[in-house]
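Student:
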Amino acid sequence: MPSKYSYQPCREFNVVVLGAGGVGKSCLTAQFVHNEWIESYDPTIEDSYRTQISVDGRQVVLEILDTAGTEQFVAMRDLYMKTGHGFMLVFSISSRTSFDELQTLRDDIIRIRDDEKIPIVIVGNKADLEDQRAVDRAKAFALSQRWDAPYYEASARTRTNVDEAFTDLCRQMLRRDDSEEEAREEILAQRAENLAAKRRRRRKRKEKCAIL
Amino acid sequence: MATLSGRGMRTSLQVAPLTIQKSRGTSRSRGSDQADSSSNGFSDTQMTPPATPNGAQEDHNVHSDSEPVFHNFLRAFYPFQPSPVMTDSTVTLPLNEGDVVLVHSIHTNGWADGTLLLTGARGWLPTNYCDAYNPEEMRSLLKALLNFWDLMRSTSVTDETFGSQEFMKGIIAGVRYLLRTDCLTRESPLVQRHDGLRRSRKSLLSELSSLVKTAKRLQDAQRIPGQEDINDIVDEMILRAFKIIVKGVRFLDILDEDRKLRVPTVTILTTLLEEAYAPLTPPAESAAFDSTEEPTPDAGSRSGENNDATDTAPLAASEVAQDTTAANDRLSSIHLQTIDVRRLSQCSQVQTNRLSSTVSHRVSLAGFSSVLRPQNLVSERLNTCHDIFLSHLGSFIGRLQLQSQSRPSLALAIKQSATSGGELLFVVDIVCAQSSMSMDALEQSRITMYDRIMGLVHTARDILTNPGPEVEEDVIVPQDNGRLLGAATGCVKATGECVAKARWVIERIGDFEFEFDGGNLGINFDLSALDCFSEEKDRFNGSELESIAESTASEALSVSTVTSTAAPAITSEPTLSIDKPLPEVPQVASPVTEQPAPYPNRPTAQQSSHVTTAFSVVSTASSVRGDLTQLPKISTSPPSTDNYSPTQHSATQDSEFHSFRTESITTLSSGSGRTYLSRDSESSIVSQSSTRATTPDITQGPRNQPSISNLSVAESSAQTEEVDDVESKLLERTYAHELMFNKEGQVTGGSLAALVERLTTHESTPDAMFVSTFYLTFRLFCTPVNLAEALIDRFDYAGEAPHVAVPVRLRTYNVFKGWLESHWRDETDRDALPMIKEFAEVKLTAALPQAGKRLFELAEKVSLSGGTLVPRLVSSMGKASTSTAHYLPADTPLPSPVITRSQLNMLANWKAGSSSPSILDFDPLELARQLTIKQMGLFCSITPEELLGSKWTKLGGIGAPNVKAMSSFTTSLSNLVADSILYYEEVKKRALAIKHWIKIANQCSLLHNYDALMAITCALTDTSIKRLKITWDSVSVKRKEMLKSLQASVDINQNYKVLRAQLHDQVPPCLPFLGMFLTDLTFVDVGNPATKTSDTGLTVINFDKHTRTAKIISELQRFQIPYRLTELPHLQEWLNSEIERVREKDKAGSNAQATHYRKSLLLEPREAQQLRSVVDTSPTTAPAATGGGMFGWIRSNNTSHNLSPQI
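Chains as they are written, first to last, in UniProt numbering: chain V, 1 to 212; chain D, 1 to 1207.
#1: Going along the chain, which residues of its own chain have a beta-carbon closer than 6 Å to the beta-carbon of I1113(D), five neighbours each way excluded?
#2: What residue range is occupied by the uninterrupted beta strand (DSSP E) comprising G1087(D)?
#3: Among the candidates E97(D), K1147(D), E497(D), M152(D), whose CA atom is the shortest distance from the CA of Y133(D)?
#4: Output the distance between the C-alpha atoms of S941(D) and K964(D), rounded to the nearest integer angstrom.
#5: Which word fits Q1003(D), buried or exposed, when buried means at least 16 other C-beta atoms lie within 10 angstroms of its C-beta?
#6: Which residues of chain V have a Cβ atom closer than 9 Å to the Cβ of V103(D), listed in chain order?
#7: Answer with yes or no whether the minimum CB distance from E860(D) to chain V is below 9 Å.
#8: Three Cβ pairs or more, each shorter than 8 Å: is that satisfied between the segment 441–458 of chain D and the segment 482–498 of chain D?
#9: Hey, would you say V90(V) sits closer than 9 Å to F13(V), going by beta carbons?
#10: Along chain V, in chain order, which residues have C-beta atoms closer than 8 Å to that of T971(D)?
#11: In angstroms, rounded to a whole number, what distance separates the CA positions of V378(D) and F242(D)?
#12: Residue range of the beta strand (DSSP E) that F73(D) falls in?
#13: Starting from D1080(D), find everything on chain V with Cβ-Cβ shorter than 7 Å and list it in chain order.
#14: Short of 8 Å Cβ to Cβ, which residues in the segment 1104–1118 of chain D face chain V?
#15: My output table needs one value for L1098(D): the three-state DSSP class, helix, strand or coil.
#16: If we cut at 9 Å on Cβ distances, does K954(D) have a partner in chain V?
#17: R381(D) to D831(D), Cα distance in whole Å?
#18: Name, please, each residue of chain D whose Cβ falls closer than 7 Å to the Cβ of C27(V).
#19: Would A1090(D) pass as a contact of K1105(D) if the rule is Cβ separation under 9 Å?
#20: Taking DSSP as the reference, what is the three-state secondary structure of A132(D)?
#21: Determine whether the Cβ of T495(D) lies closer than 9 Å to any Cβ atom of chain V.
#22: May I ask you to report which of helix, strand or coil DSSP gives I942(D)?
#23: Mapping the DSSP letters down to three states, classify Q930(D) as helix, strand or coil.
#24: Would you list the one or two residues that DSSP bridges to T115(D)?
#25: Under the rule that 16 or more other beta-carbon atoms within 10 Å means buried, what is T158(V), buried or exposed?
#26: Alpha carbon to alpha carbon, what distance is there between F87(V) and I187(V)?
#27: If I measure Cβ to Cβ from N1088(D) and keep anything under 8 Å in the same chain, skipping five residues before and after, which residues do I get?
#28: Which residues in chain V have a C-beta closer than 8 Å to the C-beta of I1052(D)? List them in chain order.
#29: Helix, strand or coil for V16(V)? Go by DSSP, reduced to three states.
#30: So if I threshold CB-CB distances at 8 Å, which residues from the segment 1008–1026 of chain D count as touching chain V?
#31: Between which two residues does the beta strand (DSSP E) containing C81(V) stretch?
#32: Quick one: using the 10 Å Cβ neighbour count with 16 as the cut-off for buried, is C1070(D) buried or exposed?
#33: Give the interface partners of Y1157(D) over in chain V, defined as CB-CB distance under 7 Å, in chain order.
#34: Kindly indicate if chain D contains any beta-carbon less than 9 Å away from that of N161(V).
#35: Interface residues of chain D around G21(V) at Cβ under 7 Å?
#36: Kindly list, in the order they appear in chain D, the residues whose Cβ is closer than 7 Å to that of A68(V).
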């Protein structure tokens, strides 16, 4: 049974951007999906948050789910977290609380996805506001190591590391997707094996019955 | 002298292209290559269109140095003539050098789909023949044209956009921007000094004025439908707008030329050299010419590039033969037209232009830049003649009433009137001829007018020649006075009608230029009878009126022969009647042009001779670069021959007529060339060749000094009223050029001043959306003080334009009033109050006392009340159109509440202090209703201001209390759902609660309460609930299916695609999901910059961003209409207490989600699940991509459900 993925040249992933209000995560998203040729950005159309990027020569379509504006609808967070294949956890380097909130977000993700290895990227936004830094780089790196998730200091304003962070996340998702596929195929193969074995057994049993 | 040499310059400039050297100068290499390619294209009639333009190496050059930017306008730097083969299959546009093209699209093969502004013809053209055209001065105008084009093309004409002249503003501002240089006023020194500039400016303005007039007609046509086809008018307007650009381009050319001139450059020596060598290479066919007696070898030796043109040689050669006998080599050059007139025309024009652009110091030699064509607009002429005629008749009638008239004075008056009437008729005839479409109406009124004038003349003659017996002396008796009076008034009336018709026709066909001479031109009446009474001895010819040709014949040579253009007549001795200037044969009504024959329109020598004579004496001084091409294959002529004599020389060395002749030929040929270009099958060569004067100016290179004849006409003809009108409009201070528009004609950007101007426009009631957007969002892009300043400034400068001052000032007052009454926000706007008060007291009171008083009162009130005075109608954006009544008539009976006595008792008991009822105790429908009432109350209280600038996310949402209340209610509702399910220990009860909530959600969905629907489905799919597998197993498949479809309708994927679609078609009452609007607003806010750069490099407010914001808000407001449902106070109270309860829990405990999850784990421990999943052997976490996103869990639930029996 061939996997349907092997026929899909272009993969599609949902990326969920999470973070406290005011950390500028929507700026990151807007920067990332904004097509420079479009004079003005209309967020009300279907593919406002859809973009295609190329990662290591592979075309990937990303659908960005951004909770911007709806942070107050706490109940929806679960909904977002369920849909994501990868998560971008954003804090502002100028806000300590926004950094602290990441822990809760990650706990929720792990709980909801029941998966420790879900692709995550940590982004310290507003890197251009170095003079207002409230979160030490070391602290952020420590968190990054603890979670085994890459950390980027980005700036939506200067468009630094925006694409890089998304690309990294994409790479993680692709890698995971590949290994999952393998695992799935393994399972399927095993299941087919099991089924065949069962049938054999049953047939044997039937044969026995017939003899009996 | 200056004029004379200018004149000479003009001639030589036109001729110059034909003397072009191919093999010299580096700058020409490109041109010669091109010539080759184009000649290849021509002679081989290439089958593959792209080959022609792309075949040339230049393609790369052109594209490499231009950025990969889409250029909206291209300007041909080289002529392009599609070969017949090409034109057969596709519509390929011929290009003249200097033609400006509006590009619609560019194919990768280098062909562009474009519209030639000159003619409005659309087709394919090779981009490598063109350069991007976007000079700074024109930028605003070009942008305006783009907007105009988009608007006229995309908007339905019934649209109210056209109800005002608003959409014209861009163009006017564009012209203003162009003239802004130094030429805004007629009195500016530059305009005064530079005649060509003055003319070009005038013609630009007159074009603008006719566009404005047409726009007015469009308005009229809209008011009274059926009168005129609106689409026709729209088309006409587009063409007119194109013409404005064409004129603008021309104006700029002249200006540039002038600027160059003012830079002192080269010595005369270099100039001479340049003169001889610099002209650029023309295409082979036309560039070739014989300068000497033995053309072929000469040319062959000189230019190898042109060999490919030999195919045209035989014909040309024969011409040479004939020609050389006829005149000297220069004359022979005429016959290069035998090859292809159209081609020649283009080439010659082209090179004129090119020449001018590359060797501008050549012109400096002459000391003048010269105007090529004077602008003698027929409309102007018509008006002038009409005025003169009326003034004559008027004074005549006036004198009649004085009762005593001397015979000689009567005769003189009649004569004057008749003469001027004749002139007027002549103009009318030209108009008639121009519009070959049968303008019966005009014809008719022309005849009437003619009859009336004749009648007047006859009456006068009768009276004069047959004096009554009682008459003594030279006095006319009163009875006769009556007759004369009648005849004269009849004349006035008929003339009025005729002129009106003529104007109408001119408007239809477009104004055109016509060279009038200053002399006795016009239709002549037989006034001989009068002559004896007047001192004037001028005898007029007969009163033939049949053809203009005949009338002109009285002045100059008969032009009628010209009509036989197709006849291969060969040069005759050029008649050198250096005569008065004659109009440049507009009456050459020949059908020739209708058929694009391979060798059409060989201009005959005869023709040229006539035309020659038409040129004024001035030309004696003109220099002649008379070397015209003869043979296509020969390109060069040695500079040694007198042909190459620079201007000064030729004046002495060469006979003038050569130059005349050559000029006339170019003129003619260009006329015919244009005919070819034209798609208007109806237009005759007459119209073409005369419109030529208006149209091809860009192709004609520098327009410099006008001829004397033109000058005289121009001086005599007063500026028309319309031009004045437009001028005064232009002189108005305006910021309209600082506005930016989108394709729909909506403002997308602008400086504050420009936006304020738009807000207070006098021409129309400002666009409602624009006004409400402005009021709603202005604090995001300026301070209230800025706004007050801008408004006051607007009030001030409106005074500069008296005719708009009053309406503009009133509007300014109204803007202040609206602000104070309905949009005042004291906390931010207070700063502006002193300024507004002062304005009201001083300036406004001075201009509009009443208004000043009222505004002051308002300001007082506002400062006292500290809030808005009149209930806010901002929401009018959405609400005005969707009033509650529209959807829910007030008399609709309220649905009766679904609640039983026992339920009410339960609530009463609860109030009395006994235990609280549960959700399960009430009907899902009624619960849904009460929830909806509750939520809608919150939703309706949201104000637009709360939604601006992402306020609800900042400072804990302090600036957006209602948004916060609403979102917190939604979250609490979710928590309530989870809480009420997890409340029960028994699986059965939990399943029951889930089912109940699904039913409530379903009822919410039926009520179009998407906010509650979102809250409930979110809760039901929350991990804490969804993981209760045992519980879900007890929920029926039917309910689960129901939940699935409910979820689907509030799916967040693809940017709420499903939800948006539903809302779009939804009529109120409906409660949309607030979060979606909040996300949209956030992204509009962060995704669009605050400012943008206009085409003129100005940083302006990105009004588009604010318009988008306002649109989203108005969409939200569309739903701020309460439901008509009965509120059940007790149930409401209970619901409130429930919500409050979970909210308290939320506050007390860490976070509700975590609490719920813990509870969930308690109810159905993890181990059990893991056990199950191990048994299942199905992957625990199916990737969402396979499982279908958020529904994955349902499916996995189902599968486990289905699988378990098998095991």
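Using N, Cα and C, we set each Cβ at its ideal position, and we do this for glycine too.
Tutor: Looking at the coordinates:
#1: P944, L947
#2: Looking at the DSSP string, G1087(D) is not in any beta strand (DSSP E); the run it does join, the alpha helix (DSSP H), is 1074–1087.
#3: E97(D)
#4: 11 Å
#5: buried
#6: Under the 9 Å cutoff, chain V gives no residues; its nearest Cβ is about 17 Å from V103(D).
#7: no
#8: yes
#9: no
#10: Q72, F73, V74, A75
#11: 19 Å
#12: Where F73(D) is concerned, the enclosing beta strand (DSSP E) stretches over 73–76.
#13: P43, T44
#14: D1104, K1105, R1108, I1112
#15: coil
#16: Judged by the 9 Å Cβ criterion, K954(D) is in contact with chain V.
#17: 58 Å
#18: V1086
#19: yes
#20: strand
#21: Closer than 9 Å: no.
#22: coil
#23: helix
#24: L102(D), R122(D)
#25: exposed
#26: 27 Å
#27: N1102, D1104, K1105, R1108
#28: In chain order: L65, M76, L79, Y80, T83.
#29: strand
#30: M1014, A1015, C1018, A1019, T1021, D1022, T1023
#31: Looking at the sequence itself, residue 81(V) is Met, so the reference to Cys does not match. Note, M81(V): premise wrong, no beta strand (DSSP E); alpha helix (DSSP H) at 74–83.
#32: buried
#33: R111
#34: no
#35: T953
#36: T1079, T1082, F1083
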